[in-house]
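From first to last, the protein sequence lines are chains F and L.
Heads up, the first sequence is in this note's numbering, so the first residue is 22 and it goes up one at a time.
Heads up, the second sequence is in this note's numbering, so the first residue is 22 and it goes up one at a time.
Glycine included, C-beta positions come from ideal geometry on N, C-alpha and C.
Given the structure is predicted, the values throughout are model-derived calculations rather than measurements.
Note sheet for the following structure.
2 protein chains.
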Amino acid sequence: MAIQLECEKILKERGLRITKPRMSILEQFLSHPNALSHNDIEEKILDIDRITLYRTLKSFEEKGVIHKAIDGTDKPKYALCESSCSEHAHHHDSHLHFRCDDCNHTFCIEGVAIPAIPAPEGYHVKGTDIVLNGLCKNCS
Amino acid sequence: MAIQLECEKILKERGLRITKPRMSILEQFLSHPNALSHNDIEEKILDIDRITLYRTLKSFEEKGVIHKAIDGTDKPKYALCESSCSEHAHHHDSHLHFRCDDCNHTFCIEGVAIPAIPAPEGYHVKGTDIVLNGLCKNCS
DNA sequence: TATATTGTTGCAACTAAGATGCAAAAGTAA
DNA sequence: TTACTTTTGCATCTTAGTTGCAACAATATA
Ligand SMILES: [Mn+2]
Ligand SMILES: [Mn+2]
Ligand SMILES: [Zn+2]
Ligand SMILES: [Zn+2]
């Protein structure tokens, strides 16, 4: 499917109006395999206000279009959600993230089972986030 | 051992001069079981310049006194290192962190083995960070 | 296809986080 | 006590993120 059409489809499905900034931002996510920071996007789309970008990322996250990819750095990064995610629930509890030491890109890794970590004495575990680091496919 | 003496000992061991700000900051780490953010410390020690705090945290980290505790939030938190850590190497690769959903405190968890995560196809894994969340001992 | 309605954008203005240069002050060793 | 070196605190700057608001754009519906 053409990338434009796919963007429109996603925005419509999540009840977001189709606007120029949203289309270009979403296009960035669809055309990059790695998670993107606010800054990454700002550098790629020059004709967009940074406040709009903040707000777009926030509403994308709220509507289940993107999710924060925890990668151990201080700069938040965002990545596309699975199509099953919605305003009400994100459904990728069990995927992990990989940060490349060389290119510094962060990737969502689907299809690797998250092991159950034995709960430390006295703690009640509800969730597990795993961040791997090392060399990505390109940098190996 | 008196807490003052312990602070002095740690600073001397790591080749850091004993100064008033360093003593009070280190005292905070020794007297709290949870990881502390810049802000946590600033609120507790009122007579210290925030720039000095930034620089102290940085040199503590460089000298192996504290380490960054990855906890999935955007605010960096720091926790005491094991005594085996040094300027040249941190030796707590294999401990994990727990963030409490209720009190928002982050704890280092020693003594829970970090499982080997199967490496995703094409990636070369060098390290694993695990962050658990749920309820801590106090909040359970 | 024009209009009403509502959501979105971009700007200004603000707050918070963090870094750097530098002179004065403090710690250490002789 | 002095000489040497590190550390501190201040001023200043940069970057990150938030909020209020008027103008504007997207959609619905007549
Ligand atoms: Mn992800
Ligand atoms: Mn730790
Ligand atoms: Zn890479
Ligand atoms: Zn708690």
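Within 10 angstroms of the beta-carbon of residue 76(F) lie fewer than 16 other beta-carbons, which makes it exposed.
The C-alpha of residue 157(L) lies about 6 Å from the C-alpha of residue 145(F).
Straight-line spacing of the CA atoms in residue 32(L) and residue 88(L) works out to 15 Å.
96(L) is the residue among 22(L), 82(L), 96(L) whose C-alpha sits nearest the C-alpha of residue 125(L). Look at residue 123(L): its beta carbon is less than 7 Å from one of the heavy atoms in ligand 4. Under DSSP, the beta-bridge partners assigned to residue 88(L) are 100(L). Contact of residue 157(L) with chain F is assigned, a C-beta pair being separated by under 8 Å. With fewer than 16 other Cβ atoms inside 10 Å of its own Cβ, residue 71(L) counts as exposed. When C-beta atoms of the segment 133-153 of chain F are compared with those of the segment 45-58 of chain L, fewer than three pairs fall below 8 Å, so the two segments do not count as touching. Between residue 128(F) and residue 150(F), the alpha-carbon positions lie close to 14 Å from each other. Measuring C-alpha to C-alpha distances from residue 91(F) to each of 38(L), 28(L), 152(L), 102(L) identifies 152(L) as the nearest. In this structure, the CA atom of residue 45(F) is about 41 Å from the CA atom of residue 74(L).
Think of a sphere of 9 Å around the beta carbon of residue 119(F): the chain L residues whose beta carbon falls inside it are 141, 144, 146, in chain order. Contacts with chain F at 8 Å (Cβ-Cβ) do not include residue 57(L). Taking the Cα of residue 38(L) as reference, the smallest distance to any Cα among 155(L), 103(L), 81(L) is reached at 81(L).
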